[in-house]
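What follows is a short report on a single structure.
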Amino acid sequence: MTTQADPQTHRREPRVMVVYATMFGATEEVAETVSHALAAELDAEVQCRDAGWLDFAELEDQDLIVIGSCTWNIGQLPSDWEARLQELAQRDLRGKLVALFGTGDARGYPDTYLDALDAIAKAATAAGATLIGEWSTAGYRFAGSLALRGSNFVGLALDQDNDDDLTDARIGVWCAQLANEVERAGRSSTPVTGIVASECLTPT
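Sequential numbering from 20 applies to the sequence shown in the numbering used here.
Structure below.
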């Protein structure tokens, strides 16, 4: 599926791909929403692809790769990412920006919330990618997560089981953040990661 924004002639559009793996469909729905939001923010075409069917060589042609995953059962990767994580790590992603988003159940599995993102982040880093898109833990209720980087999540944290009413707002703010980070990365050899925390994104 491809989401297309209005064409621009004065600049080269960034090449952007959203890649996801899902178990029961929730992460796929989130990936499609992220694709539309990014297309609007970047004024660019954004591809949305299932990791289980993707030729990973295509990742090397992208400027920004947004990777999404659920965390299944007790901290586990979904089967498609488990099967292909080593392949991701072996790609040449030097000079590429990678952002992550994850779905999980913070109340049902509070000790392993979004653990799958940690393994994906490590694979992307091993491939030479630069990670962007960290997200504040403010307002989240969980006990532990391998996806933490200091006091922030390595990527956008979503909980479709308990806080699905916040998902669209969180995606909108995060995609605006990514657009800002991509722009700054284009002006600098060292991308600056922005951290977002907003009261409107906090569960009541």
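Just so you know, even glycine gets a beta-carbon here, dropped at the ideal spot from N, CA and C.
Close beta carbons around residue i, own chain, < 6 Å, minus the five adjacent residues each side
i            : result
glutamate 32 : Ala63
alanine 50   : Val37, Tyr39, Cys67, Gly87
leucine 175  : Phe120, Trp154, Trp193
CB of residue i within 7 Å of CB of residue j, strictly
i              : j             : result
methionine 42  : tryptophan 91 : yes
glutamine 109  : arginine 34   : no
isoleucine 190 : threonine 52  : yes
threonine 149  : leucine 116   : yes
glycine 7      : aspartate 130 : Outside the modelled stretch of the chain, which goes from 20 to 223, sits residue 7, for which no answer is possible.
leucine 83     : valine 173    : no
Residue of the options minimising C-alpha distance to residue i
i              : options                       : result
arginine 103   : Leu197, Val38, Arg206         : Val38
glutamate 79   : Glu48, Thr131, Gly147         : Gly147
leucine 177    : Trp193, Arg168, Gly169        : Trp193
aspartate 99   : Ala125, Glu77, Thr156, Ala135 : Ala135
asparagine 171 : Asn181, Tyr159, Asp180        : Tyr159
aspartate 137  : Gly114, Arg113, Glu101        : Glu101
Straight-line Cα distance separating residue j from residue i
i            : j             : result
glutamine 66 : alanine 59    : 13 Å
tyrosine 128 : isoleucine 93 : 7 Å
8 Å Cβ shell around residue i - same chain, five flanking residues per side excluded
i           : result
alanine 142 : Leu104, Gln105, Leu107, Ala108
Beta-bridge partners of residue i, as assigned by DSSP
i           : result
cysteine 67 : Val37
Cβ of residue i within 7 Å of any chain D Cβ
i          : result
alanine 56 : Absence of chain D from the displayed structure is noted, only one protein chain being present.
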